[in-house]
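Report on one structure; see the data block that follows.
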Amino acid sequence: MAKLTKAQREWRPGMPKKRRSTKVMFASTVLLLEAFVAFFATLAVFGLKRGEVQPALILTFGISLSVILILACAVLSKPWGIGVGWVMQLVLILSGFVEPTMFVVGVLFAACWWYGIRAGMRIDRENAQRDREQAEWNASHGDSGGSAGVA
């Protein structure tokens with residue numbers, strides 16, 4: 001049998017499910033898309049500048065950047081995780097010194113990152129407010145499940 005996670009071991013019937021952060025989901029999506037773009041940009045630079053720069057250096061940097069972008073998704077829920085994401089945006093923009101098209105791609109992804117963080121924070125605030133109002137309503141009406149009358 002597969003090993004249960006901490007959340008699975010501590011779950012009891014009737015426990016509310018913890019809401020995932022929309023900000024973290026949006027930020028993870030942007031970072032994963034950037035990882036794919038960084039990988040394919042690495043292949044493009046490898047093909048275009050193989051004679052100018054050592055191929056091992058191109059592949060090492062590009063694949064490392066892709067892996068770091070993927071691993072950055074794991075720390076987004078930490079207080080410093082969004083800062084790591086901003087650093088990765090800067091690295092992607094600065095990769096334009098190797099391939100000038102990456103200046104445009106990096107700036108566009110930085111704009112997506114900014115918007116994802118901003119919109120995600122707004123949605124998380126609205127969800128928290130909605131959850132508080134629902135809890136107040138449930139407390140005042142004595143409804144714990146909200147499924148009365150459902151067949």
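Note that full-length UniProt numbering gives residue 21 to position 21 of the sequence shown, counting from 1, and the numbers run on in steps of one. The beta carbon of each residue, even a glycine, is placed where N, CA and C say it ideally should be. Just so you know, these numbers come straight off a predicted model, no measurement behind them.
Could you tell me if residue i is buried or exposed, where buried requires 16 or more neighbouring beta carbons within 10 angstroms of its beta carbon?
i: M102; result: buried
i: W113; result: buried
i: T60; result: exposed
i: S95; result: buried
For a test of the three-state rule: what should DSSP assign to residue i, helix, strand or coil?
i: R19; result: coil
i: L108; result: helix
i: L43; result: helix
i: Q54; result: coil
i: G85; result: helix
i: V24; result: helix
i: residue 158; result: Because residue 158 is not part of the residues shown, which for the chain are 1 to 151, the question remains open.
i: E10; result: helix
i: G149; result: Any reading at G149 must be qualified, since the residue scores a pLDDT of 45, below 50, and its modelled position is unreliable; no value is offered.
i: A128; result: helix
i: S95; result: helix
With a CB to CB cut of under 6 Å and the five nearest residues on each side skipped, what residues in its chain are close to residue i?
i: L65; result: A38
i: I123; result: T22
i: R118; result: none
i: A77; result: The question names Ala, but residue 77 in the sequence shown is Ser. Around S77: V24.
i: G116; result: F26, A27 and V30
Within its chain, find whatever has a CB closer than 7 Å to the CB of residue i; leave out the 5 residues flanking it on each side and keep chain order.
i: V84; result: A72 and V75
i: P55; result: F46
i: I93; result: F103, G106, V107 and A110
Give me the Cβ distance between residue i and residue j, rounded to the nearest whole Å; I'm assuming they're in contact under 8 Å.
i: F46; j: I63; result: F46 to I63, Cβ: 10 Å. No contact.
i: V27; j: G120; result: Note that residue 27 is Ala in the sequence shown here, rather than Val. Correct: roughly 7 Å between the Cβ atoms.
i: L108; j: M88; result: About 14 Å; that fails the 8 Å criterion.
i: A41; j: E99; result: 6 Å
i: R19; j: N127; result: 6 Å
Who are the near neighbours of residue i in its chain, counting only those whose CB is closer than 8 Å to its CB and skipping five residues on each side?
i: M25; result: G120
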